[in-house]
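Here is the structure we will look at, set down as structure tokens.
Residue numbers (the numbering used here): 188 to 845.
Below, the structure written as structure tokens:
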């Protein structure tokens with residue numbers, strides 16, 4: 188008894204958030220804030236910030252555990268990082284990864300300058316867009332914009348007097364946006380983790396990396412690194428991606444391309460057959476019913492799309508970038524939006540006892556000891572949520588969106604971000620994209636005349652923060668709070684760790700992107716950002732203003748159709764035990780990224796059900812390290828070759844991360 192009493196405090200302390208973990212996490216966040224833009228824009232290699240799985244965080248955790256952690260432990264076993272420190276470091280790195288390129292800065296800087304640099308007499312932006320543009324949120328100084336895109340002949344002097352005002356205003360918006368989603372995910376954490384016990388497949392890999400042995404003994408090298416099965420899994424993607432990377436150095440080395448595509452249904456659809464190692468690895472941890480539904484509903488979506496094309500069912504709506512287009516693209520976008528609305532609303536309805544408890548404690552201030560397990564008190568969460576919503580709404584109104592449309596815009600935004608976070612928490616997709624973004628949904632729902640010229644231009648600028656969603660902040664937040672659920676004692680320090688990582692990443696990546704742009708010229712960096720994305724807001728607004736469309740009744744009907752099917756699937760799953768289809772499969776089936784990952788989900792599902800059928804849970808447990816290794820191997824290959832390319836000067840040698 189005495190021995191147990193003596194060891195308990197040590198175990199508790201080992202799981203706490205410490206100043207050392209906070210400092211190391213801050214340093215790694217700074218490294219990510221500089222390294223990701225350098226790798227994406229200068230080396231143009233593996234883009235470690237281009238996935239909601241936050242590749243940079245996984246790669247650096249792997250490196251950290253095999254270098255600094257082992258070195259400290261070798262000097263003194265007590266100096267090795269504790270579980271709480273490793274969780275803190277990983278969560279900070281994951282949050283920091285979601286900012287430098289596609290998450291924030293890579294979209295913000297081009298879009299708030301591109302409308303002036305790319306304005307021509309042919310596109311008529313000077314007449315159609317600029318008079319209705321809120322000047323306080325863009326950089327309009329001609330010389331500063333020209334120098335940003337074309338460089339300053341070796342000088343990297345940044346005209347801060349031009350940039351500081353717009354950047355600070357945008358950072359205020361992002362502070363409100365992040366406050367909203369942090370508080371929302373914090374309020375939902377207990378419902379998702381403790382009550383519904385969602386699997387969080389993406390969190391299974393970092394959990395396995397930091398896990399100590401079953402005997403409780405804290406060894407220097409984590410057990411997963413002593414498992415040969417894990418190393419076999421790691422070597423598979425590492426070998427294939429290394430051969431492909433070497434092809435860029437030596438043409439005589441033939442690349443290995445584990446992908447193909449086939450045309451089906453009289454060439455009305457194309458089916459991708461590709462081994463996506465990230466999805467192949469993560470899918471092994473997904474519930475078998477969900478994994479089956481993911482690939483099944485995607486194939487059903489392909490059939491539906493082909494059938495519509497064949498019989499002539501189409502919707503001519505053009506709703507801008509990142510929203511489905513073409514004959515049936517808008518239909519699929521509306522269908523997915525309807526499904527996400529039901530997914531989120533049903534989830535909130537299911538969570539109503541928990542949410543009642545949250546708001547009761549927020550109003551009464553009744554915070555019990557176990558409530559310190561949340562990163563924020565319930566009162567702080569509620570206050571931050573509504574304060575963030577209020578500031579976001581005010582910003583959108585001041586930018587030009589009519590006040591009565593602002594709540595609708597915020598509703599569609601929260602549906603997409605919380606819905607996709609739920610999908611990642613339950614289905615574990617390393618990358619999931621919507622077929623409809625808020626701008627497209629609002630334009631279709633209320634029409635261009637209701638928005639007016641200023642509202643249409645302001646809607647175009649929402650692409651900065653709610654356009655491309657290859658990476659979005661609710662994903663690392665949801666997985667981070669799941670990892671934090673294993674920490675002992677108060678978790679309030681994790682909130683400040685997250686805020687610090689966000690601040691470091693925002694400021695450092697913004698400075699670095701401006702530095703290299705003024706030094707080398709943004710046009711010499713990644714063209715997708717500074718020639719493509721830079722023109723999206725104004726191009727979208729100008730086209731819609733030139734040919735304004737009213738509210739689309741057909742679009743509303745297709746949204747209702749998606750909601751009806753989703754509701755029916757949820758009801759069937761609730762009332763029929765034998766029902767084999769999970770609604771999440773339908774909700775994400777129309778996202779374009781599914782074409783790249785469905786086959787890997789199918790393959791992992793087939794292996795898993797075979798292992799469970801013929802070997803039982805024990806065989807499944809024994810094979811798990813292999814798939815953990817597959818995931819790690821893909822991240823390691825991407826990070827390793829990015830470092831090698833940085834030293835050799837190779838440009839454009841990219842290992843895929845989604």
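Glycine included, C-beta positions come from ideal geometry on N, C-alpha and C.
- A straight line joining the alpha-carbon of residue 437 with that of residue 715 spans about 27 Å.
- Annotated three-state conformation of residue 302 is helix, per DSSP.
- Secondary structure of residue 797 (DSSP, three-state): helix.
- DSSP, reduced to helix, strand and coil, places residue 443 outside both helices and strands of the structure shown, so it counts as coil.
- Ranking 631, 608, 442, 463 by CA distance to the CA of residue 531 puts 608 first.
- Membership of residue 611 in the alpha helix (DSSP H) is indicated by the continuous run 593-614.
- Rounded to the nearest whole angstrom, the C-alpha separation of residue 508 and residue 654 is 7 Å.
- According to DSSP, residue 457 shares a beta bridge with 450.
- With fewer than 16 other beta carbons inside 10 angstroms of its own, residue 448 counts as exposed.
- If you compare the alpha carbons of 264, 755, 289, 245 with that of residue 719, the shortest gap goes to 289.
- Residue 285: not part of any alpha helix (DSSP H); DSSP gives it neither H nor E.
- Under the three-state reduction of DSSP output, residue 264 falls in the helix class.
- Per the coordinates, the alpha-carbon of residue 359 lies some 29 Å from the alpha-carbon of residue 677.
- In this structure, the straight-line span from the alpha carbon of residue 582 to that of residue 240 is close to 30 Å.
- By the neighbour-count criterion, in which 16 or more other beta carbons inside 10 Å mark a residue as buried, residue 450 falls on the exposed side.
- In the three-state reduction of the DSSP assignment, residue 845 falls in the coil class, being assigned neither a helical nor a strand state.
- Per DSSP, the continuous alpha helix (DSSP H) segment holding residue 535 begins and ends at 513-537.
- If you look at residue 746, you'll find it in the alpha helix (DSSP H) that goes 740-762.
- About 7 Å separates the Cβ atoms of residue 619 and residue 780, confirming a contact at the 8 Å cut-off.
- Note on geometry: alpha-carbon atoms of residue 750 and residue 674 lie some 38 Å from one another.
- Secondary structure note for residue 693: its alpha helix (DSSP H) is the uninterrupted segment 679-707.
- Between residue 423 and residue 817, the C-beta spacing is below 8 Å.
- Rounded to the nearest whole angstrom, the C-alpha separation of residue 547 and residue 663 is 28 Å.
- At a cut-off of 4 residues, the continuous stretches assigned as alpha helix (DSSP H) that sit fully inside the region 359-439 are 388-397, 415-436.
- Taking C-beta atoms as the reference points, residue 562 and residue 682 count as a pair closer than 8 Å.
- Contact between residue 238 and residue 685 does not hold, since the beta-carbon distance rounds to 19 Å and is not under 8 Å.
- The region 539-546 makes no contact with the region 319-337, as fewer than three CB pairs between them are under 8 Å.
- The region 596-604 and the region 477-490 do not touch, with fewer than three beta-carbon pairs separated by less than 8 Å.
- For residue 646, the enclosing alpha helix (DSSP H) begins and ends at 635-647.
- By alpha-carbon distance to residue 710, the top candidate from 429, 305, 693, 533 is 305.
- Below 8 Å, too few C-beta pairs join the region 485-496 and the region 625-643 to call them touching: fewer than three.
- Each residue's CA atom was taken as its position, placing residue 560 and residue 784 some 35 Å apart.
- DSSP places residue 837 outside both helix and strand once states are collapsed to three, so it counts as coil.
- Judged by beta-carbon spacing, residue 644 lies beyond the 8 Å limit of residue 326, meaning their Cβ atoms are not closer than that value.
- Bounds of the alpha helix (DSSP H) holding residue 215 are 206-224.
- For residue 312, the uninterrupted alpha helix (DSSP H) run begins and ends at 312-315, by DSSP.
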